[in-house]
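Have a look at the structure below before the remarks.
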Amino acid sequence: GNSVTQMEGPVTLSEEAFLTINCTYTATGYPSLFWYVQYPGEGLQLLLKATKADDKGSNKGFEATYRKETTSFHLEKGSVQVSDSAVYFCALRKRMDSSYKLIFGSGTRLLVRP
Amino acid sequence: NAGVTQTPKFRVLKTGQSMTLLCAQDMNHEYMYWYRQDPGMGLRLIHYSVGEGTTAKGEVPDGYNVSRLKKQNFLLGLESAAPSQTSVYFCASSFPPDEQFFGPGTRLTVL
Chain A
94 GNSVTQMEGP VTLSEEAFLT INCTYTATGY PSLFWYVQYP GEGLQLLLKA
144 TKADDKGSNK GFEATYRKET TSFHLEKGSV QVSDSAVYFC ALRKRMDSSY
194 KLIFGSGTRL LVRP
Chain B
261 NAGVTQTPKF RVLKTGQSMT LLCAQDMNHE YMYWYRQDPG MGLRLIHYSV
311 GEGTTAKGEV PDGYNVSRLK KQNFLLGLES AAPSQTSVYF CASSFPPDEQ
361 FFGPGTRLTV L
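Just so you know, the protein sequences line up as chains A and B, in that order.
Heads up, the first sequence is in the numbering used here, so the first residue is 94 and it goes up one at a time.
Heads up, the second sequence is in the numbering used here, so the first residue is 261 and it goes up one at a time.
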């Protein structure tokens, strides 16, 4: 079946450190891949996406590359800020019947300290 | 535009009580979704709708009902609440195949 596996958190970093949050997926075919971010007390917001192999999604200094050969979509940022503290969800989108389904990983909490 | 809004933001129920969660979107999106978020489990799809007057089951539909009488609204009902339904509920909408936009969530506690 389709599934998404993320590294467990929390991930605690100092400001300006390098961030990697690992995400791997299992799916038939070639799903679109997404990273969503959830700030405290808020809903999920789309951070970046990639729709085909070797695509790189990027936004707000975050990047992730769709790697078909390793079925991965790791999230990276070169220099994190305190304001990046949030929960990050990796997700894949598959066509289902008459709609599209998002399958989420369990989320990784990031805490950035000054 | 308000985007996706949810009411109420918080609710406490006793076992066996009923309630309805309201989701509204002002983006003219065709598709709407209800998810629940539980610790360590990410979001799981409860029900979804591909247009006014349509509904379909998601991954975890048992104990919930939904209705989409108007395009902009998607209601989630709990007929007889159980402690296992304690969760944070998120509504989302989309104009497929574009991204889903999420509401701020409703925190429900069933005692």
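Backbone N, C-alpha and C define an ideal beta-carbon position, used for all residues, glycine too.
All of these numbers come straight from a predicted model, not from anything done at the bench.
Residue burial classification, residue i (beta-carbon count within 10 angstroms, cutoff 16)
i              : result
residue 173(A) : buried
residue 190(A) : exposed
residue 299(B) : exposed
residue 157(A) : buried
residue 146(A) : exposed
residue 286(B) : exposed
residue 105(A) : exposed
residue 324(B) : buried
residue 170(A) : buried
Sequence-distant residues of its chain with Cβ nearer than 6 angstroms to residue i (five each side left out)
i              : result
residue 348(B) : 297, 365 and 367
residue 143(A) : 126, 150 and 159
residue 277(B) : 341
residue 292(B) : 309, 334 and 353
residue 197(A) : 182 and 184
residue 193(A) : 186
residue 280(B) : 335 and 337
residue 188(A) : none
Sequence-distant residues of its chain with Cβ nearer than 7 angstroms to residue i (five each side left out)
i              : result
residue 304(B) : 295, 296, 319 and 320
residue 97(A)  : 116, 118, 183, 184, 185, 196, 197 and 198
residue 264(B) : 283, 285, 351, 352, 353, 361, 362 and 363
residue 274(B) : 371
residue 339(B) : 278 and 325
residue 332(B) : 284, 285 and 286
CB-CB length for residue i against residue j, believed under 8 angstroms
i              : j              : result
residue 209(A) : residue 184(A) : Because chain A spans 94 through 207 in this model, residue 209(A) falls outside it and cannot be assessed.
residue 141(A) : residue 179(A) : Going by Cβ atoms, the distance from residue 141(A) to residue 179(A) rounds to 14 angstroms, so no, they are not a contact pair.
residue 108(A) : residue 207(A) : 6 angstroms
residue 201(A) : residue 99(A)  : 5 angstroms
Neighbourhood of residue i by C-beta, 8 angstroms cutoff - its chain only, sequence neighbours within 5 removed
i              : result
residue 315(B) : 307, 308, 309, 326, 327 and 328
residue 165(A) : 115, 116, 117 and 118
residue 138(A) : 129, 130, 131 and 132
residue 330(B) : 312
Heavy atom of the ligand MG within 7 angstroms of residue i beta-carbon
i              : result
residue 162(A) : The ligand MG is absent from the structure shown, which contains no ligand whatsoever.
Completely contained alpha helix (DSSP H) runs for the segment 126–193 of chain A, where each covers 4 or more residues | Listed in chain order, there is nothing to give.
Select from the segment 298–312 of chain B all residues with a C-beta closer than 7 angstroms to any C-beta belonging to chain A, and list them in chain order.
-> Sequence-ordered contacts of the segment 298–312 of chain B with chain A read 300, 301, 302, 303, 305, 308 and 310 [C-beta pairs closer than 7 angstroms].
Residues from the segment 331–354 of chain B in contact with chain A, defined by Cβ distance under 7 angstroms = Residues of the segment 331–354 of chain B with a Cβ closer than 7 angstroms to any Cβ of chain A, in chain order: 350.
Start-end ranges of the alpha helix (DSSP H) lying completely within the segment 274–315 of chain B, minimum 4 residues | As far as the segment 274–315 of chain B is concerned, it has no whole alpha helix (DSSP H) run of at least 4 residues.
Runs of beta strand (DSSP E) wholly within the segment 94–125 of chain A (minimum 3 residues, chain order) | Within the segment 94–125 of chain A, complete beta strand (DSSP E) segments of at least 3 residues are found at 96–99, 104–107, 112–114 and 116–119, given in chain order.
Write down every uninterrupted run of the beta strand (DSSP E) in the segment 326–362 of chain B whose length is 3 residues or greater and which is fully enclosed by it, in chain order.
-> Segments of the beta strand (DSSP E) lying fully in the segment 326–362 of chain B: 333–338 and 347–354.
Note down, in chain order, all residues in the segment 134–168 of chain A with a beta-carbon under 8 angstroms from any beta-carbon belonging to chain B.
-> Listed in sequence order: 134, 135, 136, 137, 138, 139 and 142.
Of all the residues that make up the segment 354–369 of chain B, which are near chain A by a beta-carbon distance shorter than 9 angstroms?
-> Answer set for the segment 354–369 of chain B: 354, 356, 357, 359, 360, 361, 362, 363, 364 and 365.
Taking a Cβ distance cut-off of 7 angstroms, strictly less, list which residues of the segment 287–298 of chain B are near chain A, in chain order.
-> Of all residues in the segment 287–298 of chain B, 291 have a Cβ within less than 7 angstroms of some Cβ in chain A.
Interfacial residues, the segment 190–201 of chain A to chain B, with Cβ spacing under 8 angstroms | Answer set for the segment 190–201 of chain A: 190, 191, 192, 193, 194, 195, 197, 198, 199 and 200.
Residues, ordered as in the chain, of the segment 313–326 of chain B that lie near chain A by beta-carbon distance below 9 angstroms = Those residues of the segment 313–326 of chain B that come within reach of chain A (Cβ to Cβ, closer than 9 angstroms) are 314, 316, 318 and 319.
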